[in-house]
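Working notes for the structure below.
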Amino acid sequence: RAARVKQYTLAFLLRDHQGEKQVLLGMKKRGFGEGKWNGFGGKVEVTDKTIEDAAAREMTEEACVDVNGKDMERVGTLVFTFTDKPEVMVKPIQ
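Just so you know, the working numbering puts 19 at position 14 of the sequence shown, and the rest follows in order with no gaps.
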């Protein structure tokens, strides 16, 4: 049986502040990555027109920052394969 592929977003809010680049992170409170600092994201919903729209929606829901999906820039893709050892599961895409 083939595994079902689910799409999720992970977004990072960047800014320049007094000549320094900064990134907004949040502490993961539950689920995969609990207790770790991370960007903001979640499932792509059927109502989301694009992945960027989903990322913007999640940024608003989780970080209370209003972002337009058209202002989001896709810079990479991660594929997670869950096995018996979920700690070892990131496969980089080149």
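A virtual CB, placed ideally from N, CA and C, is assigned to each residue, including glycine.
In this structure the segment 42–49 lies against the segment 22–34, because at least three pairs of beta carbons, one per stretch, are closer than 8 angstroms. DSSP places E25 inside the beta strand (DSSP E), whose first and last residues are E25 to L29. By the neighbour-count criterion, in which a residue is buried when 16 or more other Cβ atoms sit within 10 angstroms of its Cβ, R62 is buried. According to the DSSP assignment, R20 belongs to the beta strand (DSSP E) that extends over L18 to H22. Residues G74 of the same chain have their beta carbon placed closer than 8 angstroms to that of T55, with the five preceding and five following residues left out of the count.
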